[in-house]
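Peer 1:
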Amino acid sequence: MTRRAIRVLVLVAVAALATTAADSPTGAAVTPDPAPSPARPRPDILLVTLDTTRADILGCYGGDPGVSPNLDRIAARSHLFERCEASVPQTMPSHTTIFSGLHPFHHGVRKNLAVMVGPEVPLLAEELHGLGYATGAFVSSFVVDGRFGFARGFDHYDAPDTRPSAGNAMERRAGDTVRAAIEWTAAQPSPWFAWVHLFDPHAPYEPPPPFSGRFAGRPYAGEVAYMDNEVGRLVGSLVAAGRFDGALVVIAGDHGEALGEHGEETHGILLYEATTRVPLLVHLPGQVEGSRHAAPVGLVDVAPTVRELVGIDTSGDGSSLLPALQGRAELPGDRALYLESLEGYLKHGWAPLHAVVRGRLKYIESPRPELYDLVADPDERRDLVGDRPEAAADLAEILAGIRPADEADHGEAVVLGADEEAALVALGYVAGSPGRAAGTRRNPADAIALEPVHQRALAAQVAGDLDQAAKLFEQELEHDPSSPVLLWYLGTCLTESDPTRAAASFRRAIELRPDFEAPYGSLAELLLKQGKTEDATAVASLGIDETLDTSGLLHYLRAAATAVSEGAVGAAVRDLDVAIARAPRPGSAYLLRAALRLQRLGDPSGALADLELFVEWSTPDDIARLATDRRFDPLRGDPRFDRLVPGKGGPPGSG
Ligand SMILES: [Zn+2]
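So that you can map any letter, position 110 of the sequence shown is 109 in numbering that gives the first Met the number 0, and since no number is skipped, the others follow by simple counting.
1. Rounding to the nearest angstrom, what Cα-Cα distance links L643 and L610 in this structure?
2. With distances taken from each beta carbon to the nearest heavy atom of ligand 1, which residues come in below 6 Å, in chain order?
3. Quick one: what's got a C-beta closer than 7 Å to R639's C-beta in the same chain, skipping five residues either side?
4. Whether or not the segment 596–606 and the segment 622–629 are in contact is what I'm after, with contact meaning three or more pairs of Cβ atoms, one per stretch, closer than 8 Å; do they touch?
5. Exposed or buried, which one is G438 when buried takes at least 16 other CB atoms within 10 Å?
6. The beta strand (DSSP E) spanning S365 covers which residue range?
7. In this structure, what does DSSP give as the bridge partners for F137?
8. Name, in chain order, the residues that DSSP records as bridge partners for S290.
9. Taking Cβ to Cβ, would you say S77 is nearer than 9 Å to S86?
10. Scan the segment 216–260 and note each continuous alpha helix (DSSP H) run of 4 residues or more that stays entirely inside, going in chain order.
11. Compare the beta carbon distance of R53 and E256 with 9 Å and say whether it is the shorter of the two.
12. Can you tell which of V538, A560, S564 and L79 has the C-alpha that lies nearest to the C-alpha of P513?
13. Are L485 and L476 close, meaning C-beta to C-beta below 9 Å?
14. Leaving aside the five residues before and after P218 along the sequence, list all residues of the same chain whose C-beta is less than 7 Å from its C-beta, in chain order.
15. Between G117 and G145, which are expected to be in contact by the criterion C-beta below 8 Å, what is the C-beta distance as a whole number of angstroms?
16. Let's see if you can read the secondary structure: which residues bound the alpha helix (DSSP H) around Y519?
17. Could you check whether the Cβ of G605 sits closer than 9 Å to any Cβ belonging to chain D?
18. Run through DSSP, which three-state label would K346 get?
19. Any heavy atom of ligand 3 closer than 8 Å to the Cβ of G148?
20. DSSP on G463, reduced to helix/strand/coil?
21. Can you grab the Cα-Cα spacing for the pair D376 / G332, in whole Å?
22. Strictly by DSSP, which residues pair up with I44?
23. In whole angstroms, give me the CA-to-CA distance for L298 and R402.
24. In terms of residues, what are the limits of the beta strand (DSSP E) holding R357?
25. Determine, using beta carbons only, whether L345 and R109 come nearer to each other than 9 Å.
26. Let me check one thing: in DSSP terms, what residues is A168 bridge-paired to?
27. Taking the alpha carbon of E182 as the reference point, which residue from A240, G216 and Y225 has its own alpha carbon closest?
28. I'd like to know whether the C-beta atoms of T275 and E84 end up nearer to each other than 9 Å.
29. Mapping the DSSP letters down to three states, classify S211 as helix, strand or coil.
30. Kindly indicate which three-state DSSP category A202 falls into: helix, strand or coil?
31. If we ignore side chains and look at the alpha-carbon of each, how far apart do A422 and V572 end up?
32. Taking DSSP as the reference, what is the three-state secondary structure of S617?
33. Could you check how far apart the C-beta atoms of I97 and A302 are, in whole angstroms? I think they sit under 8 Å.
34. Spatial neighbours of T491 within its chain, please: CB distance less than 7 Å, with the 5 preceding and 5 following residues excluded, ordered by chain position.
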């Protein structure tokens, strides 16, 4: 189907959805379903995840109806869950829960990036693929790139194009993602499973026109409104094709956005409803009327619900909502839903946060536990721990029962193995340093008060005012002297002005959290710049052992450090192979491999192939430097090389 044809269909479809929502049992022209057997139905399945979307920003959840006319229309033909809780207010862990139906302590993804969805985690896409579904993913942020383990089970994985020629984007707008999803679904025979992830409401809030003007002064709402418009296009394409009525459509937020509530600007650290309560809509095949459910449910229930509908084993941490949605059972009002945030703990050494929602109550376990009545006090302003100590004690016990016993040591120091201790000592760390991983264990609810300073520090760093940024990070460190992430940030501000202190800061961050990737990379890079290639190799190697090196940076730096010694070219090339496979932008790794192939391995043809890939992944400035890079002198005059170099035969890619 051509794009124009799709566009025409979509226009028709949006109108059809608008008029049929309330009054027509069949909607627009419907093609019959591929006769599914009642026991094992195989409906098309659309899962849309709305990143960073608060439930209460949507009209169907009591917000401004002008923000979400399309989602509101879909809600009118779907089950709407008034109280759905995300397990973790962060993208990667939350999506892993959505796809697996497992609590974070079972699927193992407790934070963003620097972590992978393990091969043992059961994922919906793989299960549906096993049933014969065509599977396609259309994601809008690098955070859910296929490399982190989300691609398992998908035939087709469409993620932002991170090449400079495509705009260097680590994220993309809903319009681009939805366009790809519409083209793919239109071309698929049933049954298919499509996951569409939309990222627009994530900070920074920069809605495109006309939403920027229509929501002037409310840019977050503007982003949600733009995303809603694209959801309308996506679902409209199914309506137009007669494929909406018979499909299972699940639309869920992955977490909310605090927007300043309780002192938090964005999301990820605290466990208040602003970031944990999300929209959840489920349109069952054949459903024509909407229905609202007040009982609390969780994103952990999404996978079991889909599984039960298609006849897959639903065992896991969540519960299938299907019996209630089909009117066979009531949703229990007293489910205990588990929530956690380890972000403050992992980044700053603050106390880890765990919470449980049961009925109308929410209990947050922290150095100063909190209890809220979410029905009477949805904004969580009146802590009831003092008034209702028995209720708090009950929920504390329920929470302890959900968490595995070996999780109880969160909040204690990280215990290193003997090998790790030895490796750290060899690098000049003080063995058994009492401060290691102790952290302050401050209550994140209090510690978040420094958030404005932190935001100013990050802004200064981005603006290039490193002195000011360093001062602000130091101000934060007075309160959190053993925060690994602050020590790393401080080091990155000092690499030029005070490399000795920068190195000490990186070493301390590594000592505090040996599984934190970033300081290994920064330290190895600094040592490399100082010509200390052996030290750089040692630091990169330690980082490769202690972390997952998800970006491949440590492999790249180790290759750069080892390549200077004569005997190690094979090891360096192997490291570069890893770096190229993992890096979001592998241009520099291709360049280094090209140089090694040409100079050390006598392989000009391999070098040229790498240089072509370097050009594909690099900015015009980087490419321009090829013209004066002496390492490639032997290739000058070769038409394949000259074509790549600016000023010789036109810009790259034009030939
Ligand atoms: Zn997210």
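Glycine is no exception: its CB is placed at the ideal position from the N, C-alpha and C atoms.
Peer 2: Taking the definition as stated:
1. Each residue's Cα considered, the two are about 8 Å apart.
2. So the residues near ligand 1 by this Cβ test are D50, T51, T90, D253 and H254.
3. Within the same chain, R639 has close Cβ partners L607.
4. As far as the Cβ criterion goes, the segment 622–629 does not touch the segment 596–606, which means the pair count is below three.
5. Buried, because 16 or more other Cβ atoms sit within 10 Å of the Cβ of G438.
6. Premise fails: S365 is in no beta strand (DSSP E) and is neither H nor E.
7. D157 and V195, per the DSSP bridge assignment.
8. Here S290 is bridged, per DSSP, to H78.
9. Result no, Cβ atoms of S77 and S86 do not sit closer than 9 Å.
10. Counting only runs of 4 or more, we get 218–239.
11. In this structure, R53 places its C-beta atom within 9 Å of the C-beta atom of E256.
12. Nearest C-alpha to P513: V538.
13. Yes; because the gap between Cβ atoms is below 9 Å, this pair is in contact.
14. Closer than 7 Å at the Cβ level, and outside the excluded window around P218, lie Y204, E205 and P206.
15. Not really, about 15 Å apart at Cβ, beyond 8 Å.
16. Following the DSSP letters along the chain, one finds Y519 inside the alpha helix (DSSP H) bounded by residues E516 to K528.
17. The structure shown contains no chain D, having only a single protein chain.
18. In the structure shown, K346 sits in a helix (DSSP, three-state: H, G or I).
19. As for ligand 3, it is missing from this structure, which binds only ligand 1.
20. In this structure, G463 counts as coil in the three-state DSSP scheme.
21. Whole-angstrom Cα-Cα distance: 18 Å.
22. For I44, which the question treats as bridged, DSSP gives the partners F192 and L247.
23. Using only the alpha carbons, I get a separation of about 17 Å.
24. Unbroken beta strand (DSSP E) run through R357: L352 to R357.
25. Closer than 9 Å, so yes.
26. A168 pairs with nothing; no bridge assigned.
27. Ranking A240, G216 and Y225 by Cα distance to E182 puts A240 first.
28. Between T275 and E84, the C-beta spacing is below 9 Å.
29. Here S211 sits in helix by DSSP.
30. Residue state, collapsed to three classes: coil.
31. Only weak support exists for where A422 lies, its pLDDT of 48 falling under 50; the value from the coordinates is given anyway. The straight-line gap from Cα to Cα measures roughly 25 Å.
32. Coil, per DSSP.
33. Indeed they touch by this definition, with Cβ atoms about 7 Å apart.
34. Counting only Cβ-Cβ distances below 7 Å, and skipping sequence neighbours, we find S521.
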